[in-house]
Amino acid sequence: MNSDQSNMDLEDVLNAFIMEEDTGKPTLLRYLIDYPQFASDLVDLSREMTLGTEQSSGPLSKTDEAIVAAAWERHVAVVPGGSLDPLGSLLPAQLNQLSAAFSLPRQVFSALRERRVIVASISESFLRSLSEKTGCPFDRLIASLNEPAQPTVAGSHKSEVKPDAPRKVTFEKILTDAEIGPDQLAELVRGE
Amino acid sequence: MDSIEKARTIAAELHAVAVQKGLDPRKPYNFAKCEILSRDICLEATKPGATQLDGGRAKYIRNDLLIIHERCDTDFENAFLAAHELGHVVLGDDFNPSPSTNVDPARPAEPSPVAEDRVVDYGKRQRREIQMDLFAREFLLPRPVVKRMHLVDGMSASEIAKVFGAPFDVVAQQLFDAILLPVVETPSESPAVDRPLNDKQAAAASHRGVPLLVEAGPGTGKTQTLTSRVHSLLADGIDPREILLLTFSNKAAAEMADRIAEKNKEASAAMWIGTFHAFGLDLIRRFYSELGFEKDPRMIDKTEAVEMLEQQFPKFDLEHYRNVYAPASVIDDILKAVSRAKDEVVCPTRYRELAEAMQLRATASNDDELLIRARRCHEVARVYEAYEKIKKAKHCIDFGDLVSLPVSLLESEPTIANTISETYSHVLVDEYQDVNRSSVRLLKSICPDGANLWAVGDAKQSIYRFRGASSGNMKRFTNEDFRRAQTVRLEQNYRSVPEITDAFSAFGATMAAGTGGDALTAERSVCGSKVALTTVDKVTEQTLAIADSIEQMRQNGHGYRDQAILCTGNEKLATLAGELERLGIPVLFLGSLFERLEIKNLIAFLSLLTDRRAMGLIRVGCQRQTELTLGDVSKVIEHLRDDITEPGEWPAKVDSFHGVSESGKQVLREVATILLGFDQSSSPWTMLATILLDRTQIAADFANASSVSERTGGIAVWQFMNFLRVQPSGKGLPVPRLLKRIRDLIRLKEDRDLSKLPDAASGLDGVRLMTVHGSKGLEFPVVHFPGMNKTSLPLNYKSPKCPPPDGMVEGSGDDSKAAAVAAHSEEQECIFYVALSRARDRLIAYAPTKQAGGKNWPLSPFLDRLGSNLQRNHVAPNERDLGNGNEGTIPIQVSGRISLTTAQIGLFERCPRRFFYTHVVRIGGRREESPYTLMHDAVREICEAIVAERLITLSDSKIRQRLNQAFKASGLVDHGYANELAGMGHKLVKYFLTTRAEGSPIEPPSLAVNLAGDEVKFRPDDGFTMEDGAIVFRQVRTGGIKSSRDDIAAAAALLAATEHARGSRVEFVHLSDQEIRDVEMQKRKLGNRHASLHDALKSIRDGKFPAKPSSRTCPGCPAFFVCGSVPEGTLQKTF
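Sequences listed follow chains A and B, in order. For this note's numbering, add 972 to where a residue sits in the first sequence, where the first one is 1. For this note's numbering, add 23 to where a residue sits in the second sequence, where the first one is 1.
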């Protein structure tokens, strides 16, 4: 994706991180989102800088690992020929652009990102348009959307049993939920 | 400041900043939206039930920086959902929060500590959701804002609700929080200082592998050690979801979670932290079908359990535990025994087996006493069996089941036990000295051989025997339950000065629960004052001595709020509180919530809707805005007594009340306006909230109060409103049902937890008053400990009404009684130990040395076991008025003769105040009706008819006929156990007939004893001329032998009889016990009683009507809800 941040190299990013007032988890997370390609270096640096707290030494805790994993996922998504998650790597600002471009609420794109939608229920014209606007090849987009659903609930704290992957639903359901009017809905579902 | 209060503070700040930026909170959705947008987060509505909500009502999708919420009907509801999610954003929640399902804008900040709320998992997720709800409410309607609008701008809750477009009850709850609770101050000192761990603490925290028992005496940093262990496990890479931390109470669980969250928020939310009972409930909910339930079972509390059995009671046909009058108390006793059995995981079958084993032993050794015990246990077993059946059929479980059911499940299903034990790789248990046997067995199932089990406790602080705890569990940890276990003992006390640690350590070395050599060393330096014992002569001087000490401590720099008075029992607290207040010492004490006048004043409004006689006016007439004179109130009640009015109809009749003053009528009309729009079917919470915040200034008055006692009253109201909010729905109308429930709760002593002060009260500057049990886990700079007499501590052992069968209690051997006595005396020592160790700087014990008659009152032997660490002194405080003299005097003017019946004078002796309400104000003496009272009424009718018809015999079929007729008339015939009740009634009538076998019946005359112009009438139920010519007058009682045979009523009967016919006798016939008892008094005693009769009548004329409160009888008194102060003015009375 095109953003200013891709022009900065590793050293710039690490220096910028050191200069932050707070180099704890929230800041680290922010940097990981912005510079996924430098994920493991950032984590190393952050750990070095937080000596004396519970994050000082030893192996990464499970939550740390999850952070790195998520960041890495996004990083790989950017690399051509890399993993199949073109939508997942989009940043909120870009999602806003998409939302405006399609005149659709953000939640529709969240549903797509979480792969909750049955691909066959989406009109081809919409998919092509989405492929074009995201710069992701059509086939790869389809393949990614066909992956199993992945709601962003990292570890349900309620039950001891892991939650099953939720069932996918039709695009029409998502759009109805989002209170889209009948005309626009028809176009998005059937391409009319 | 706890995490909820912190969240609210942040929310209020955000609100203020937003308002400054020009945003309008009167458009709540827009207000919330702007705040959300300012954080670069999107906010969108979605259809209710939308897929993406995943079953919730709102969700924060963190990766997308998007909040979605279901679209609600009102702007405010939408705003609330948005603000709730905003809370997740602002408070730095879980890595990715789960969807919010249980959103309640009007929820109280603290759960009501009664019934199911006691157990229901206020666990991690629920705690977060509660926090977010309170954040949201505070963000949209900050307390300072609504407070100002109500108190300064004079707006009602409804008006405020309109301004913000918010529902009434949300505004009302927020106003209650804002007005009735003191403002929580930001603490000036930093929170719990985290010192580096000492060697022993570090060893305990870093221990791995074999099970470990940490002996942590008072003030040794147990909590810090525990949290350090958790953090060390996390640092080792243990997944927090695999850590199980079991605490003593929900409150302790929440505090632990907060402490751990200070360093690691995600882990704290991921761990399982809660009580054994909450954990058990979780297991039951997961495995209900394996446990044989068709669906998720419902929890019932003691009052419901008693109700269930009360209906069935006639069927049991018990002999030793028979009670045909009011079985509720017997049932309560039996249920205690059942609960004890569940503490030991003993099922009904096993209970029966144990009883039968006792029976065999008794017959073999010809031991009559053992045989009776065995039979009693057998009766309990029968009721236990039936109880379990009824409960199961209704898909219900009780408190004891929460642990005993999962234990039986896990012990019989190793695969399930395995699943659980594999989930938790580390188990920590707090307060191990308080776990009962079933909890230990639960632990053994999930921690086979105790691997990675870590428990901390102090055997010398084991004071929860009544919950089945036993300090023996600590000893058994290493000896039996977890054989490979090691122990670590924490030795440094950081809390108290050496004078105090030396004192309790000296005592500790002599305790049965101790293991010898358990002394603690104090970290702090010597303060210069030893533990003191201050003795006084008379008990009335004790309070004065305490007051003097309190002031002395204040001079030393310990404010009121730094001092606590601990008592061994609940009963003394209220009296002590009242006396100290009258001496000018502010006291922070809630006491029995429903018996506080502020609460009775509110209940009175409710009762005005259900009580035909409107006796609630007695309380309402005492309140500032609705003052009535005593004369007016009693006139109204008289009118309503004669008139047949429907409940709530009295307002329409105000104009017709002759004799009521015009100003009184005006006030009555105002009261009617206050109640307008409500009736018996209204929700009590809504009605009182409306009255408090819309229609009167009652809540505002609390807010403007300055004294500690008035502020405490406000807190009591807050507590009461929370209680009302969580009342379960059920059969019948809400208000009558509520009133009945309150009586039941008090009778069964289930209301104790309501006496606990909410956290918000901690800022008030008053001396704390609580029982030793209530002080558990707390500490105070100065502790006062009165009542150190031999009879108070140690308390004598009292056998439970339904003792357990031999062999049931683990570790008690064959002689369960001896074991119980030993355990009791061990616990008494622990109570003393706990009390001593609460003090940081000063500890003062008190005791009177002489009893009322001047006899010596020995001190508690425990004091001698403090050795040289105790400094004794004796004081003679200046006399001051404790205000106990004139209480209960009511201005009254009696004209004409006083004429009372023996029953009425008997009532006067038992409780003059009740007499006043019942027979002077005449609110009516009708006690609560039950199938049993109806049966007794029927029996009474039949007996009266037998006398009138001069019958001596009646065939069985005729008796049955008459009973049937009477049952039909009263509706009792429709009762499920009408046959059994008829059977009981039959026995009573038959016995009555046998009493008529001797002598020839005479028409019972009206007798009276003349007392200086007044009289007490005696109307015998039956009378005979015996063979020897003597005349016998009889009074027939259908219930048990209750009142004494030598009280003044009996004396009056005797005097009346002898005035009529010299040499005549009086007898009381007790149908239930099948006994006739002679009323005989020696001359001197009769003379005394005669004088007492004169005194009683004089007291009535003088208006001396003090109350004689008793926790046994007050809840059943018809005047219970109105008893207290009376309206101003003199009452004119003709009898």
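Every residue, glycine too, gets a C-beta built ideally from N, C-alpha and C.
1) Give me whichever residues DSSP pairs with residue 880 of chain B in a beta bridge.
2) Using the rule of at least 16 other Cβ atoms within 10 Å of the residue's Cβ for burial, across every protein chain shown, is residue 1110 of chain A buried or exposed?
3) Quick one: give me the first and last residue of the beta strand (DSSP E) that residue 913 of chain B is part of.
4) Residues of the segment 1105–1121 of chain A with a CB closer than 7 Å to any CB of chain B: list them in chain order, please.
5) Since residue 69 of chain B meets chain A, which of its residues come closer than 9 Å, beta carbon to beta carbon?
6) Output yes or no for whether 8 Å exceeds the beta carbon distance between residue 1109 of chain B and residue 1014 of chain B.
7) Starting from residue 1101 of chain B, trace the beta strand (DSSP E) in both directions and tell me its first and last residue.
8) Check whether chain A comes within 8 Å of residue 65 of chain B, counting only Cβ atoms and requiring the distance to be less than that.
9) With a cut-off of 8 Å, does the C-beta of residue 566 of chain B fall near any C-beta of chain A?
10) With distances taken from CA atoms, which of A:1104, A:1078 and A:1098 is nearest residue 92 of chain B?
11) Are the CB atoms of residue 508 of chain B and residue 236 of chain B nearer to each other than 8 Å?
12) Any beta carbon from chain A within less than 8 Å of residue 349 of chain B's own beta carbon?
13) What is the DSSP secondary structure of residue 217 of chain B, reduced to helix, strand or coil?
14) What does DSSP give as the partner residues of residue 556 of chain B in its beta bridges?
15) Step through the CB atoms of chain B and report whether any lies within less than 8 Å of the CB of residue 1083 of chain A.
16) Pull up the distance between the alpha-carbon of residue 1028 of chain B and that of residue 1038 of chain B, whole angstroms please.
17) Across which residues does DSSP place residue 480 of chain B in a beta bridge pair?
18) Assuming residue 55 of chain B and residue 164 of chain B form a contact by the criterion Cβ under 8 Å, report the distance between their Cβ atoms to the nearest whole angstrom.
19) Round the Cβ separation of residue 1129 of chain B and residue 645 of chain B to the nearest angstrom and send it over; I've been treating them as touching at under 8 Å.
20) Kindly indicate if chain A contains any beta-carbon less than 8 Å away from that of residue 88 of chain B.
21) Note down the Cα distance separating residue 1113 of chain B from residue 1080 of chain B, rounded to an integer number of angstroms.
22) Alpha carbons only, please: which of B:289, B:198 and B:351 is nearest the one belonging to residue 770 of chain B?
23) Return no unless some Cβ of chain A is closer than 8 Å to the Cβ of residue 154 of chain B.
24) Could you tell me which chain A residues have their CB closer than 7 Å to the CB of residue 247 of chain B, listed as they occur along the chain?
25) Return the chain-ordered list of same chain residues with a C-beta closer than 7 Å to the C-beta of residue 600 of chain B, the five sequence neighbours on each side being excluded.
26) Looking at chain B, is there any beta carbon in it that lies within less than 8 Å of the beta carbon of residue 1161 of chain A?
27) Going by DSSP, what residues sit across from residue 590 of chain B in a beta bridge?
28) In whole angstroms, what separates the C-alpha of residue 1175 of chain B from that of residue 515 of chain B?
29) Among B:1050, B:782, B:64 and B:1019, which has the Cα closest to the Cα of residue 1044 of chain B?
30) Going by the DSSP bridge assignment, what does residue 1024 of chain B pair with across the sheet?
31) Thinking residue 511 of chain B and residue 288 of chain B are a contact (beta carbons under 8 Å), I'd like their distance in whole angstroms, please.
32) With 16 other CB atoms within 10 Å as the buried threshold, where does residue 166 of chain B fall?
33) With a Cβ-Cβ cutoff of 8 Å, do residue 316 of chain B and residue 269 of chain B count as a contact?
34) Whole angstroms are fine: how far does the CA of residue 753 of chain B sit from the CA of residue 478 of chain B?
35) For residue 83 of chain B, which residues does DSSP report across the bridge?
36) According to DSSP, is residue 1057 of chain A helix, strand or coil?
From the atom records:
1) DSSP, once it has assigned bridges, lists no residue as partnering residue 880 of chain B.
2) exposed
3) Element bounds for residue 913 of chain B: n/a, residue is neither H nor E.
4) none
5) 1077, 1079, 1149, 1150 and 1151
6) no
7) 1098–1101
8) yes
9) no
10) A:1078
11) At a Cβ-Cβ threshold of 8 Å, residue 508 of chain B and residue 236 of chain B count as neighbours.
12) no
13) DSSP places residue 217 of chain B in coil when its eight states are reduced to three.
14) B:868 and B:895
15) yes
16) 16 Å
17) Note: residue 480 of chain B sits in a beta bridge opposite B:238.
18) Actually they do not touch by this definition, with Cβ atoms about 12 Å apart.
19) Contact flag wrong, Cβ pair sits at about 18 Å.
20) yes
21) 14 Å
22) B:351
23) no
24) What residue 247 of chain B touches in chain A: nothing, since even the nearest Cβ is about 15 Å away.
25) 610, 612, 614 and 792
26) no
27) B:794.
28) Nothing about residue 1175 of chain B can be read from this structure; chain B reaches only from 24 to 1158.
29) B:1019
30) DSSP links residue 1024 of chain B through a beta bridge to B:1047.
31) The pair is not a contact, with the Cβ atoms about 29 Å apart (cut-off 8 Å).
32) buried
33) no
34) 42 Å
35) Residue 83 of chain B pairs with B:90.
36) Three-state DSSP puts residue 1057 of chain A in coil, outside helix and strand.
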